[in-house]
Every structure is written in C-alpha cells, then in structure tokens.
C-alpha cells in the first residue's frame, strides 16, 4: 500500500492527493499532526533522503524560527529533534511505496514518472 505523509491542510498535499485520486491510485494518508511521527520512523526517512532534504527551509514555519535556533540546526540529530517538535517543518508530501525509493515533494511529472515505474 502506498503511504503519503504530510499535513492535511497543506496546499501541496491537496494537489498530490487530488493527483492520486484522479489516477485512481489507492493510498493511505498519514497526517503527522493527527497520526503522529516517532523518532524511528523519522530516522528511516532521514536515512534514505537526508535531513537537509526533509527540512523545509523555504516555508513559513522555518522563517518564523528565531535566528539562533535556525543556526543551531547543523546535523541530523538537531534537525530530527526540531522536526519531531514541529512536524510542519518537514517538506511534504513524502510518498512511500513498497519496494521503491521514497519520493519527496510533488509535481505532475515526478508522480507520473514514479508511478510508471511501479
């Protein structure tokens, strides 16, 4: 089963979910806020994608952080602590399909390519 991770009120999540539904792809949605996120799961994401890719430094949540806190995020452990505390700072969506690499972010073309390889 394909799992999409994110936050339900995110506009990019809405676009990605609409794409999956139009393509009639079955998936499960995991909302970080409602369903939670544990350290082991986050460590698995970081292990495959890297903490720099997962940390959304272009979003409002990051920009609202104190400059000293932003400057302190210099490694995977510091980033993981922040992401667990503030899941809205995780780039989204994150798509996981059995036997395939994880896909971070959304575009029509990246999803089309990803699913043509499934």
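In full-length UniProt numbering, the protein residues as written are 1 to 118. Cβ atoms here follow ideal geometry from the backbone N, Cα and C, with glycine treated the same way.
Asked	Found
Have a look at residue 43 and residue 80 and give me their C-alpha separation to the nearest angstrom.	8 Å
So what does DSSP say about residue 29, is it helix, strand or coil?	strand
State buried or exposed for residue 1, treating a residue as buried only when at least 16 other CB atoms are found within 10 Å of its CB.	exposed
Does the distance from the C-beta atom of residue 39 to that of residue 3 stay below 7 Å?	no
Smallest Cα separation from residue 102: which of 47, 75, 13 and 24?	47
Suppose the cutoff is 8 Å on Cβ atoms and the five residues either side in sequence are ignored; what does the same chain contact list for residue 72 look like?	78
In angstroms with no decimal places, state the Cα-to-Cα distance between residue 107 and residue 56.	16 Å
Is the separation between the beta-carbon of residue 76 and that of residue 51 shorter than 7 Å?	yes
Just curious, the alpha helix (DSSP H) that residue 83 is in, first and last residue?	76 to 85
Judging by CA-CA distance, which residue of 5, 16 and 7 is the nearest neighbour of residue 110?	16
Where do the ends of the alpha helix (DSSP H) carrying residue 47 lie?	39 to 49
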